[in-house]
Amino acid sequence: MNPLLLDKPFEKWQLGNVPTYRMEQLRHWIFEQGCFEWEEMTNLPKSFKQELSTHWDLCPMEILRSQGSTDTTRKFLWKLRDGQLIESVLIPATTGTKGIRSSRLTLCVSTQVGCAIGCKFCASGLDGLKRNLTTGEIVGQVLLARNQANRRIDNLVFMGMGEPLANLPALLPALDQILSEKGLGIGARHLTLSTSGLAPKILELAKYPAQIRLAISLHGGDDQTRQKIMPINERYPLNTLLESCERFIAERKKMITLEYILIEGVNDDLKQAELLASHARRLNAKINLIPYNRVDGLSWKRPSLEQIRAFHQKVEQGNPPRVTLRMEKGHDIDAACGQLRLRENKTQKTS
Ligand code: SAH
Ligand code: SF4
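Under the working numbering, read the sequence shown as residues 50 to 400, first letter to last.
Now the structure itself:
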């Protein structure tokens, strides 16, 4: 296996005394055309391509499976060069009314193979962490999903497999390439990182120059509730986490989002709704309520629609800046992170 070209920022691509404009042509093929075949790069000399291919690998992964659902959410299972599996999910959203409709595409991106954080409700963490993704494997998901969609991707959410803030050394250079006009040209405000609450890393991220968005997986209004499902809360208890959020917000002058998945009998009582609203007021943060998606082999359930509505209403009564209830798209294709890989790995083990 050669080193992966995309692991290196394109500004630093060089090979012997190959002129810069050749490297610029190469960048164009990859980032503008989404081309991952040396032979298709018709304006590059054969000798140059031969030289490149003896030193570098071009394609970070191949598509193993693509699964679409009735609401046209599409999930991709990718096989990395070392055989590990990761997922990305493409989620369309149609906005606007009557004649003027615009459809936006969001890609949910993975940052690790598996996850070390071990939230008890999550499919990604069930087998622990296999490894971090490299910069090229993160950027590659966007480039290859764009090829599959055959159109521009408008938004990115780092809510696939893995904890993004546990992989900052590979992630930040990936963000540089995603944000760059010469890279994928996606605007910082169209990019959201989600974290389970690695408080010190939130402060580190606050220093990253671009104004990317931050979402916190809260899932509990007090330590006792959060601890039941998120062991990370022992390391960074709620107040430590909220303080790091306050510092992030003070530095960035930007609203953050509190994500709250609703799990029956665990975090869905109305007292939690009040606490959630009060944390959101303290941080001037938006709230995203997400009913839990069932995971094979785990017994957690989403609450009844009635309970979800009551919780939503109680949160609203607490006057947080904004609350949205996100009835998950792609529920029927295991859209929650890590589930397709989990199933594939199980099938491979039993066959
Ligand atoms: N590790 C990061 C980002 C990846 S998970 C984090 O935890 O924030 C992205 C989001 O999906 C998190 O809010 C996570 O709690 C949520 N999630 C995980 N499993 C889920 C499930 N089965 N149903 C609904 N949301 C889930
Ligand atoms: Fe990891 Fe996020 Fe899943 Fe928790 S919810 S195990 S942090 S991927």
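We put the CB at the ideal spot given by N, CA and C, even for glycine.
For residue i, three-class secondary structure by DSSP
i	result
residue 172	coil
residue 364	helix
residue 91	coil
residue 289	helix
residue 281	helix
residue 373	strand
residue 243	strand
residue 157	strand
residue 111	strand
residue 212	coil
residue 106	strand
residue 349	coil
residue 133	coil
Where the beta strand (DSSP E) through residue i begins and ends
i	result
residue 309	306-311
residue 230	Segment: none, residue 230 is in no beta strand (DSSP E) and carries neither H nor E.
residue 340	335-340
residue 64	Neither: residue 64 is in no beta strand (DSSP E) and is coded neither H nor E.
residue 86	Counting along the chain, residue 86 falls outside any beta strand (DSSP E), and DSSP gives it neither H nor E.
residue 416	Outside the displayed span of the chain (50 to 400) sits residue 416, for which this structure offers no information.
residue 264	262-266
Buried versus exposed call for residue i [16 or more other C-beta atoms within 10 Å across all chains shown]
i	result
residue 69	exposed
residue 245	buried
residue 348	exposed
residue 104	exposed
Extent of the continuous alpha helix (DSSP H) run through residue i
i	result
residue 196	184-198
residue 330	319-332
residue 254	248-254
Neighbour flag for residue i against chain D, beta carbons, 8 Å
i	result
residue 327	Within the model displayed, chain D is absent; a lone protein chain is all it includes.
Sheet register partners of residue i (DSSP bridge)
i	result
residue 141	154
residue 127	112 and 135
residue 316	Note: residue 316 sits in no beta bridge, so no partner.
residue 207	242
residue 53	106
residue 117	123
Quiz prompt | Nearest-residue set for ligand 3, Cβ under 5 Å from any heavy atom | solution = Inclusion of ligand 3 in the displayed structure is not the case, the ligand content consisting of ligand 1 and ligand 2 alone.
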